[in-house]
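The sequence shown begins at 771 in my numbering and counts up one residue at a time.
This report concerns only the one structure given below.
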Amino acid sequence: MDGTSGIGKRSVLRILFVLVPVFLLTGCPHWPSSENAQYPQGWSDGDRTFFYYTTQGSRLIRRDWFLALERHDSPERFLEDGLKRFGYLPGAQVGLYNPDKLPIGFAADREWIGMTCAACHTSEVTYGGTTLRVDGAPAGADMYEFLAKLDLALRKAANDSA
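Written out as structure tokens, the structure is:
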């Protein structure tokens, strides 16, 4: 891709960002037929759960604060929609690895909540009524908006006399 070969960087980008998604959406023989499916990447359910909810040492906010925190613009809990309003994927399971039903990519580390790679690298694509989850894909989440609203919610709580 140094300009001397027959294919340039621009052509490679066209292939990656245009042709591959078109192939996946129209002609991929492995496209699942169920409504909420996982793209067949060879991951077990255990691998996926580990990727979503195992702490990587990040400490964003105290767990008890995060679970009780209200939004800055309403009395609704900050986590009520699973942070879907910021583009994160709500966690569907409650269990050993996700007892607090945190969004995908948010992990509890004793008394702290932090983010994992899965928060920014798990995505869903919907086509023809089928939603396909792709682990490792870039997420459509807005981390900067999430952090800004988290800051506003914490300021509201700190200034609340109750």
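Ideal Cβ placement from N, Cα and C applies to all residues, glycine included.
Would you tell me roughly how many angstroms separate the C-alpha atoms of residue i and residue j, rounded to the nearest one?
| i | j | result |
| --- | --- | --- |
| Thr901 | Thr886 | 23 Å |
| Val864 | Ile874 | 11 Å |
| Leu830 | Ile883 | 6 Å |
| Tyr914 | Val904 | 22 Å |
| Pro871 | Gly906 | Reading off the sequence, residue 871 comes out as Lys, not Pro. So the two alpha carbons sit approximately 21 Å from each other. |
| Ser893 | Ala927 | 32 Å |
| Leu917 | Thr819 | 24 Å |
| Ser931 | Asp851 | 26 Å |
| Ser814 | Thr824 | 15 Å |
| Phe876 | Leu853 | 10 Å |
| Gly816 | Arg880 | 21 Å |
| Ala888 | Ala878 | 14 Å |
| Asn868 | Phe856 | 20 Å |
| Ser828 | Gly861 | 18 Å |
| Phe821 | Gln811 | 13 Å |
Since residue i is in the alpha helix (DSSP H), which residue starts that stretch and which ends it?
| i | result |
| --- | --- |
| Ala889 | 887 to 890 |
| Asp905 | Taken as a continuous stretch (DSSP letters only), Asp905 belongs to no alpha helix (DSSP H), being part of the beta strand (DSSP E) at 900 to 905. |
| Phe821 | 815 to 823 |
DSSP puts residue i in a beta bridge; with which residues?
| i | result |
| --- | --- |
| Ile831 | Ile883 |
| Arg925 | For Arg925, which the question treats as bridged, DSSP gives no partner whatsoever. |
| Thr896 | Thr901 |
| Phe876 | Met885 |
Would residue i pass as an interface residue toward chain B - the criterion being a Cβ-Cβ separation below 8 Å?
| i | result |
| --- | --- |
| Tyr867 | Among the chains of the structure shown, chain B does not appear; only one protein chain is present. |
Beta-carbon within less than 6 Å of residue i's beta-carbon, same chain only, minus the 5 sequence neighbours each way: which residues are those?
| i | result |
| --- | --- |
| Phe848 | Leu839, Arg841, Ala923 |
| Phe836 | Ile883 |
With a threshold of 7 Å on Cβ separation, who are the neighbours of residue i within its own chain once the five nearest residues in sequence on each side are excluded?
| i | result |
| --- | --- |
| His891 | Gly906, Ala907, Pro908, Ala909 |
| Arg859 | It should be noted that the sequence gives Leu, not Arg, for residue 859. The answer, listed in chain order, is Pro873, Ile874, Thr892, Glu894. |
Touching or not, the region 917 to 932 and the region 836 to 844, by the rule of three or more beta carbon pairs under 8 Å? yes
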